[in-house]
Every structure is written in structure tokens, then in C-alpha cells.
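Counting with my numbering, you get residues 183 to 554 for the letters of the sequence shown. All C-beta atoms, glycine included, are put in the ideal place defined by N, C-alpha and C. Read through the structure below, which is laid out as C-alpha cells, and then see the notes.
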Amino acid sequence: MNMHHQEQITEIAINDSTVRKILVCQLRQIGDVVLATPAIELLARRFPYAEIHVLTEKRCAAMLENNPFVTTVWSIDKKELPDLIREIAFYRKVAAEKFDIVVAFQQLPRCRWVLAFSRAPVRLSYPPAWHSRWLFTHWHPLEPGYSARTKANVLKPLGIAWQGEKPRIYLTDEEMDNAAHLLEQAGVAPRHQLITLDPTHRRATRRYPARHYGRVVADLYRRNPDIRFLLLFGPGEEQEAMEVVRQAGCDGAFIIPQHILTLRQMAACMAHARMHLGNCSAPRHIAVAVDTPSMTVLGSTTSSWTFPSPEHDHIILGLDCQHCNQDTCRRNDMACLEQLAPQVVTQRVLDHLEKTGGHPAALRHRQKTAAV
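Written out as C-alpha cells, the structure reads:
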């Protein structure tokens, strides 16, 4: 069934028992790979006899470790593919797996290479540009809403519908124990309410000012001296994160890792936290995936990145220019972030802590306290 010239289809006729291998293409970013996990789970449940392979960048692959629905991860490592010849050889190797279905949640050049070499009977995506249509057999329009739902809705022609499935990261007991030990060694005691704090972002339009975060931390710590903030930062972001510490002026409120946490270390630490607070970046999606309540400060991005449940919320000033989704501010004043008062964020965090007191993250905290 070839649909090169049809913009939308309702269903693909396919024999479930003949589907043995499926490739999902989601190269980046880290948060987007996490957001693809519900769709991966739905594919695995729809085609129980099929292996699910995922094509992604090496830096994102950790988010798929131990995922029971993923058979193989094809990690693209630019260092191992320094020239076009080796790149093409890698893409041919992936395509040689003889997939029955290829799902492309992105249509980046490296995804298109694999699609070009693939002979999969079904090559499904969202509507492609005219020059790429020959790569696909089927496509389905993107639908608005929560980002993981939008991805899953691409699968509708396969008879798959999103039913509220959450993103998932599957941590081992050892990873959880190691994170608990790391936090204990850093000074986190059972009485503490741990909040993971992600104050960095490479885009200024998505980064709440360090001085504002510093004020929020200082206010929360003053109101509750048992609150602790685990500072999260990635490569090249340490100076930016430490500016929040300087602005807060209360070093005792912070837990500062001695080294940059790996993605899975960060996820495990977040799983031990009472709540996550930060910008619109990967950690907010990781919080959802490990069942930790979250509060996100929004600048240029939309509410479609927020998982639809009371445990996950966002704060937005509500200017007419939001949500612009731009990387630079057309007003040149970052008003959506600069004018969002720290005391407003502080109160929302306090309210969220109270509202999510019966959430698994809070229960884990209480169980840990009771065991000591």
C-alpha cells in the first residue's frame, strides 16, 4: 500500500504476526528520546512478536538502557563515523536488519540515510517535505497536545492510540542504591526534603535568571531549613549553575555534585527527590519518567511539554508574546522570564510540595525516614 500522494491515512493493513522487526528513529535531544518511550512501549504492545530497535545519538542512548520494550539501540557516535564512507556503511548496516516497519519521529539527514537504504514495507512518519516523500510509504499529520502524545499519534495508522502512557526510564536497584549512597555522602539526611534544581539552559529564552533562582532558593530555605537543592548541570554549565549558589547566599541549602552526574545517575538521584524544579529542559522529562513531581518555569516554550497530571505543572507569566518558541527575544528584554517574580515561583513550589504529598516520591521519602 503506497501512499506517496496521500496526506493522511486512517489505517495500514498489516498482518501482526508477520512483523518481526521495527526501527524507531529518534536521534535527539535527550528529552525527546525520553518522550519517545511511550510510543516505543505502544509499538511493543501492538506487535508483541517484534523486536524494537531504536536509532539515536550516543549521548541519548543511556535513556533507553534496561528498557524492556527495546531490543537493540543503534547509537550514532560521530567520533566513530569521521567520514562519509564510514557513515554510509553504518546506515547500510542498520538498514540490513530487514525491518518490517520504520517509524521516523524525526526526518533529519541521518534518519533519511537509513530510510533510503531500507526496504521496509512500512516507512511511517509525519507529513514530509515534497523532496523527501519518496522515502516514506505512509504518513500521518501531527496533532497538538502533550509532546509524547504527539509522537504516539504518528502511529495511529497502525491502530495505536496514546492512552496517557508516561515516559519511562528503567533504573536498576543498583543504580537507585548508588544514588542513595551518593546523596547520603553529600549530606542528605532522612529529614531533608530534596528538590533537584535545573537552573541552566543553552537558550536564554528558556533560562530563568540566576538571580531569580537564587532568591527562590533563599526564600524556600528560610521558610523550611530542611529543604535541600541538588544542583544539576551538564558539561560547560557549572559556572552558570554556581551563579545561582552565589546569588542565593545560603550555601547550606545546596547539594553540589563533585563531578557532573551521568544521565542515569541524575535520573536515579531525581527518583529519590521530593520534587524537581527547573527550566524547560531534559531533566523535567526525566522527572516524569522516574515518578518525581515537577514544576517548570516557562519562557518561550509552550505548555505542550508538560505531562497532563496534577503532579507536573509549570509557571508562566502569560505575556501576549508567549509562547513564541524563539531562541532570541524579539522584544530584547526577556520579559517573560525577567518579570516573573521569584516570590511567585516560591509560592507555587510550596503549594506543589503540599499538593503532591501523597505522590510516590513523597511516600518514598517518608518510608526512608521511617526506616532510619
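Buried or exposed (CB count within 10 angstroms, at least 16 for buried), residue i
i: His441; result: exposed
i: Gln188; result: In this prediction, Gln188 has a pLDDT of 45, which is less than 50 and means its spatial position is unreliable; what the coordinates show is noted afterwards. Gln188 comes out exposed.
i: Thr135; result: The displayed coordinates of the chain run from 183 to 554. Any statement about residue 135 would go beyond what the structure contains.
i: Trp634; result: Here the chain comprises residues numbered 183 to 554, so residue 634 is not present and cannot be evaluated.
i: Asp259; result: exposed
i: Tyr231; result: exposed
i: Ala371; result: exposed
i: His363; result: exposed
i: Asp533; result: exposed
i: Ile194; result: buried
i: Arg268; result: exposed
i: Glu325; result: exposed
i: Arg227; result: exposed
i: Asn197; result: exposed
i: Asp265; result: exposed
i: Ala243; result: buried
i: Pro339; result: buried
Nearest-angstrom Cα separation, counted from residue j out to residue i
i: Thr510; j: Gln521; result: 17 Å
i: Met448; j: Leu414; result: 8 Å
i: Val304; j: His320; result: 7 Å
i: Ala386; j: Tyr273; result: 35 Å
i: Arg428; j: Gly416; result: 18 Å
i: His322; j: Glu356; result: 41 Å
i: Lys261; j: Leu402; result: 44 Å
i: Arg315; j: Asn335; result: 19 Å
i: Asp515; j: Pro349; result: 35 Å
i: Arg294; j: Thr238; result: 13 Å
i: Thr332; j: Leu317; result: 21 Å
i: Arg513; j: His467; result: 29 Å
i: Phe251; j: Cys432; result: 44 Å
i: Trp344; j: Arg404; result: 43 Å
i: Pro439; j: Ala278; result: 43 Å
i: His383; j: Phe229; result: 38 Å
i: Asp408; j: Arg373; result: 7 Å
i: Ala464; j: His494; result: 14 Å
i: Gln508; j: Val236; result: 29 Å
i: Met183; j: Arg301; result: Unreliable positioning characterises Met183 in this predicted model, as indicated by a pLDDT of 38, which lies under 50. The coordinate reading is nonetheless provided below. If you take the alpha carbons of Met183 and Arg301, they lie about 14 Å apart.
i: Ser199; j: Ile351; result: 28 Å
Simplified DSSP assignment, three categories, for residue i
i: Lys333; result: helix
i: Phe272; result: helix
i: Phe318; result: coil
i: Val216; result: helix
i: Gln171; result: Not covered by the structure: residue 171. The range shown for the chain is 183 to 554.
i: Phe411; result: strand
i: Asp495; result: strand
i: Trp312; result: helix
i: Ile267; result: helix
i: Gln289; result: coil
i: Glu347; result: coil
i: Ser300; result: coil
i: Ile222; result: helix
i: Lys280; result: coil
i: Ser199; result: helix
i: Cys511; result: coil
i: Gln447; result: helix
i: Ser463; result: coil
i: Glu536; result: helix
i: Ile194; result: coil
Residue j beta carbon less than 8 Å from that of residue i
i: His458; j: Thr483; result: no
i: Ala435; j: Pro381; result: no
i: Leu217; j: Leu337; result: no
i: Arg446; j: Leu353; result: yes
i: Ile283; j: Thr253; result: no
i: Val531; j: Met452; result: no
i: Leu535; j: Ala455; result: no
i: Arg388; j: Cys462; result: yes
i: Val479; j: Tyr390; result: yes
i: Pro310; j: Gln288; result: no
i: Gly341; j: Ser486; result: no
i: Ile498; j: Val526; result: no
i: Gly460; j: Leu365; result: no
i: Gly346; j: Ile437; result: no
i: Ala469; j: Asn360; result: no
i: Glu425; j: Ala392; result: yes
i: Arg292; j: Leu412; result: no
i: Leu501; j: Ala517; result: yes
For residue j and residue i, believed in contact at Cβ under 8 Å, the rounded distance
i: Val398; j: Thr538; result: Between Thr538 and Val398 the Cβ distance is about 18 Å, and since that is not below 8 Å, they are no contact.
i: Ile212; j: Met245; result: 6 Å
i: Val296; j: Val276; result: 5 Å
i: Leu205; j: Phe281; result: 5 Å
i: Ser257; j: Ala286; result: Contact flag wrong, Cβ pair sits at about 17 Å.
heavy atom of the ligand GTP below 7 Å from residue i C-beta
i: Phe272; result: Absence of the ligand GTP from the depicted structure is noted, as is the absence of any ligand whatsoever, leaving it without description.
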